[in-house]
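Heads up: the sequence lines are chains A and B, in that order.
With the working numbering as the guide, the letters of the first sequence map in order to residues 47 to 477.
With the working numbering as the guide, the letters of the second sequence map in order to residues 15 to 550.
Here a beta-carbon is modelled for each residue, glycine too, at the ideal position from N, C-alpha and C.
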Amino acid sequence: MPKKPLSLDVTVLDNFVYDMSRCIKCKGCYWVEHTYMPGIKFTTRCPSNTWNPFDSYGAFGKMRIGHALAEGKLSWNQKLLEILYADPLCGACDVGCKRNLDLEIGLTLEALRIKAVKDGAGPMPAHKKVAENISKTHNHFSLPHENRLKWVTSDLKPSKKADIVYFVGCASSYHNPEIARATAKVITSSGNEFMLLPDEWCCGNVPYSVGMVDEAKEIAKRNINAVKETGAKILLTSCAECYRMWKADYPKILNIATADLGFKVIHLLEFADDALKNGSLKIKKPIDMRITYHDSCGVSRLCDAWTPWKGERGWMGTVSPPLKRRRGREGLYSQPRNIINSIPGVDFVEMPRIRENAFCCGAGRGTKVAFPQLASFSAKHRLEEVKEIGAELLVSSCPWCKNNFTQAIRDEGNKIKVMDISELILSSIEA
Amino acid sequence: MAIVKEAYTALESIVGAEYISDDPVICEGYRSGPGGYEAGCGYERVMTKIPGAVILPRTTEEVQKIVKVCNRYKVPYVPYSTGFYGPRSHCHVENELLIDLKRLNHFEIDEKHLYAVVGPGVIYSPLQEEAMKRGAYVVIGGGGAQASVIANLIGDGWSPLSHRIGLPHRRILGTELVLPDGELVKLGSLAIGDDPFWGDGIGPDLRGLLRGYTGLRGCLGIVTKMAVKLLPFQPERLIPTGISPNTALQLPEKRVKWINFQLPSKEAQVKAMFEIGKAEIAGAVTKVPLFWRAIAKAECKEGFWELWGKENEDTIKNFFIVRVLLIGYTSEEQMKYDENVLNDIMKELGGIPRPTKPTDESWIKNADSAGMWLMCGSYVSVDYVIETLSQATIHGEYYAELKKKYTPPLMPDYGDPGWFQSFELGHQGYSEFLIYWDQDEDTTGVDHFYVETSKMNIKHRFYTSLLGPHQPLYLTGPKYGPNYHKWLLKIKNEFDPLWVCHPPVPLAHDIFVEKAQWMKPLKDWESPEIKIPPEV
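Structure representation (structure tokens):
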């Protein structure tokens, strides 16, 4: 069998025809990994297919649909777009498949969206609006750009120059200032300084996630240059979506390695965990609550570093040179648990689905704007787990998760509290 | 393509518009191929179609109504639980209705009498977890932890744990079956009351109708509810550990332990299985295909080939492994006793214990069938037999010899005689032969090998399991039973006179041979002109 050139370039769907054609319907993308299967409740990890039970909404259905599309047997229509975009691309399917088969499901789904845009079919109208907002006002919400720094209160003192640049992100800049402020205080409480970008723009999460790769590439170039110009050594985020973009998707779009960005990308989780371990951050206040933690996708299964790869596929589908698959193993799984468990008085309890098996809140990667009903369903479904274990407080590491859960709780009228990890840390370090 | 409008409207009135669709994109998601069990082969390319519509009922009553509408409008239909069983569980004719049963996910456990009642939407790993929470367990069949419990039990349903637990049909208790015309039949104790605790009932045992030897792929009705026997396990929890792909259950070593032994010869290997069975110890005793060891060690496809490429015919020929699972069902002392007996047997036979991890990666909770596609991308188990232990191992050797002729396109396995193991404490021996290939190669050899195995089984008088819908019925039927084909077709005609239930199964493989030109050279058996329904 002749070898076929291959790369992980998501702008070329042909790179992923093999992956689409080898899906075996084991539904490892759908079920919680069987070793961790918690019982008859909470058995799935795919928000889309849990929301809509037709097989076509699972990754195994999408692989068949995508394959038919690649072969010209299907053409774009509204249903196809709905199936493709009613999906938070949370990575559960990708790590599930890589338990056994090593198919590039996550990249395939991205490549299908890029093709949808290239063909003039995608993305959804709500996504186009967000992209337009970003283009005009440099933020997701079309709010005035000049308001981006309104979260900076007088007690916060960003430095002009520091090793750490805090990339705040649209959500925390505009809607969740409490997260931005808490993050800033956690950094300074550890004896470190931070600076802000002179002119922060959106990370481009939605444009990239919905397939608008050209727009996302321009944003990535602009943002990376902006950080390089500051001379900072570390880019710190408090948003899981921003973190994923900076750490994995910018390098992917620009065909460079994460290690070649010129600075290190970290999430507050890593910073705070290290600071607690080395003693620069000190817990002063007990919190007497039963707390659980939601693994936000961008800081868990989606955040393995990116390394460009180009090679060939040959006999029995083997590839050369060696390819280190991204399996979600670099996820920040232990850090949030270390942090929460270091707070005296906390009764930490895990949900049935955790780490790479966690059930996505459903808000990410443009889902909430285009499919609010799916986002609402996912959050409510996840909250059932919180209720099951009797937790009072749900902690996550992403403002989009926090907001989605908060809205679902409001809709349901229940008493569960939601907090970002930055707020939890802050409330335990402030005497 | 879609089913007739009147039928669609009638079906929609049963489940509501939300749970039925004839949208071509929705239907495409239910395509069998191009990947999966037996996919990429001729049978999949020639015999499968995408559905004309898909419907998702919630209750037995809805299933009955759907089936009755199908009979009224002569709409062919196929029951579908998870879709994992490859082309044979997908639509075979145009304008067919696929009845997706995943919403029938009823689940309850009778802890006192040790059985669980499940719907076809319930898969194995949740059942096993719920059973183990209560100190009980089930066999997760080789089909995998993601297989529908019901679909697996009416088809296959065995694993290495069948050494102690026994054959699958013994674990089928009270059951609800919607016949091909929509009539509801209750089997076992459900026939005389509401308690499904017992598999036997008044009148003939209809469990044979459900599965025969290895299942009828849904061509004789739809099981909507089944009580499944649970067996006592041991009380300690098996703790999940690790991050994907290196996940496993940490075993409480004083109660559950895998031990691998290397034996000096094939005779010693088989004798060890006999003796372990005779001593009535252990939860599993098996010899698996040797390349599975390479799969377990490798982290990726390329890693597998690096390991497997170091093997050759000599290393395989002289490697005799027996893998034993010890379970302290009643106590730590019982476990110690079993281990002592096992060590005595192995000492006598020259068995040397090999390093074994204190974990379970596959079989207890995560029967890892999906890993079978790692090496080549395409896979099918061509045959399994339940014989005596000594016959079972010979069966594998015949297979290995035949396979050489078809390698390539089949994966090189250096003459490994496949998987064999003890069933029911050594009273039976099980042999399964698995093949792997790359579907981008010419798969004619794979199609030929599949049918040639039937001829080999007939010639050497192995009682193959893959009868009925798995092989040409007019090839295998006259040689088994005898006239297995006539019995099966008469039953089919009686229960499904319109042949609306998953047509043309059980004659699908015969039709495939007729349709596929490349199969003609193999057609050396007599068969009538195939008509649906057939005259028997």
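Secondary structure of residue i, DSSP reduced to three states
{"i": "A:Glu358", "result": "strand"}
{"i": "B:Phe434", "result": "strand"}
{"i": "B:Pro535", "result": "helix"}
{"i": "A:Lys207", "result": "coil"}
{"i": "B:Asn332", "result": "coil"}
{"i": "B:Glu528", "result": "helix"}
{"i": "A:Gln453", "result": "helix"}
{"i": "B:Glu294", "result": "coil"}
{"i": "B:Lys19", "result": "helix"}
{"i": "A:Met83", "result": "coil"}
{"i": "A:Ala286", "result": "helix"}
{"i": "A:Ile12", "result": "Given a span of 47 to 477 for chain A in the structure shown, any question on residue 12 of chain A remains unanswerable."}
{"i": "B:Glu446", "result": "strand"}
{"i": "B:Glu549", "result": "coil"}
Residue-level contact to chain B via CB, residue i, 8 Å cutoff
{"i": "A:Ile337", "result": "no"}
{"i": "A:Met258", "result": "no"}
{"i": "A:Ser67", "result": "yes"}
{"i": "A:His2", "result": "Nothing can be reported for residue 2 of chain A: it is not among the residues displayed for chain A, which extend from 47 to 477."}
{"i": "A:Asn146", "result": "yes"}
{"i": "A:Ile86", "result": "yes"}
{"i": "A:Trp77", "result": "yes"}
{"i": "A:Ser102", "result": "yes"}
{"i": "A:Lys73", "result": "yes"}
{"i": "A:Arg227", "result": "no"}
{"i": "A:Gly107", "result": "yes"}
{"i": "A:Lys161", "result": "no"}
{"i": "A:Thr364", "result": "yes"}
{"i": "A:Ile312", "result": "no"}
{"i": "A:Ile329", "result": "no"}
{"i": "A:Met397", "result": "no"}
{"i": "A:Val141", "result": "yes"}
Residue burial classification, residue i (beta-carbon count within 10 angstroms, cutoff 16)
{"i": "B:His484", "result": "buried"}
{"i": "A:Thr199", "result": "exposed"}
{"i": "B:Thr344", "result": "exposed"}
{"i": "A:Asp245", "result": "exposed"}
{"i": "A:Glu402", "result": "buried"}
{"i": "A:Asn251", "result": "buried"}
{"i": "A:Lys71", "result": "buried"}
{"i": "B:Thr74", "result": "buried"}
{"i": "B:Thr457", "result": "buried"}
{"i": "A:Gln124", "result": "exposed"}
{"i": "B:Tyr477", "result": "exposed"}
Any C-beta of chain A under 8 Å from that of residue i
{"i": "B:Cys314", "result": "yes"}
{"i": "B:Asn166", "result": "no"}
{"i": "B:Trp532", "result": "no"}
{"i": "B:Ile257", "result": "yes"}
{"i": "B:Val68", "result": "yes"}
{"i": "B:Phe288", "result": "no"}
{"i": "B:Trp319", "result": "yes"}
Residue nearest to residue i in terms of C-alpha spacing, selected from the options
{"i": "B:Leu339", "options": "B:Ser139, B:Ser176, B:Pro48, B:Ala53", "result": "B:Ser176"}
{"i": "A:Val392", "options": "A:Glu224, A:Ser474, A:Leu59, A:Cys139", "result": "A:Ser474"}
{"i": "A:Leu378", "options": "A:Tyr103, A:Thr81, A:Glu316", "result": "A:Glu316"}
{"i": "B:Glu110", "options": "B:Lys371, B:Phe318, B:Lys63", "result": "B:Lys63"}
{"i": "B:Val29", "options": "B:Ala308, B:Ile330, B:Gly385, B:Ile80", "result": "B:Ile80"}
{"i": "B:Ile17", "options": "B:Pro65, B:Ser27, B:Glu52", "result": "B:Pro65"}
{"i": "B:Cys314", "options": "A:Asn146, A:Thr89, A:Ala132, A:Arg110", "result": "A:Asn146"}
{"i": "B:Trp387", "options": "B:Val92, B:Glu20, B:Lys19, B:Phe98", "result": "B:Phe98"}
{"i": "A:Arg347", "options": "A:Thr338, A:Cys406, A:Ile312, A:Ile302", "result": "A:Cys406"}
{"i": "B:Asp397", "options": "B:Gly188, B:Cys84, B:Tyr227", "result": "B:Tyr227"}
{"i": "A:Leu472", "options": "A:Gln381, A:Val163, A:Glu224", "result": "A:Glu224"}
> In the segment 370-401 of chain B, which residues sit with their C-beta less than 9 Å from some C-beta in chain A, listed in chain order?
Replying inline: Asp374, Glu375, Lys379, Asn380, Ala381, Asp382, Ser383, Ala384, Gly385, Met386, Trp387, Leu388, Met389, Cys390, Gly391, Ser392, Tyr393
>> Beta carbons nearer than 7 Å to chain A: which residues of the segment 153-184 of chain B have them?
In response: Gly158, Ala159, Gln160
>> Against chain B, which members of the segment 399-424 of chain A pass a CB distance test of less than 8 Å?
In response: Arg401, Glu402
>> So if I threshold CB-CB distances at 9 Å, which residues from the segment 364-388 of chain A count as touching chain B?
In response: Thr364, Val365, Ser366, Pro368, Leu369, Lys370, Arg371, Arg373, Gly374, Arg375, Gly377, Tyr379
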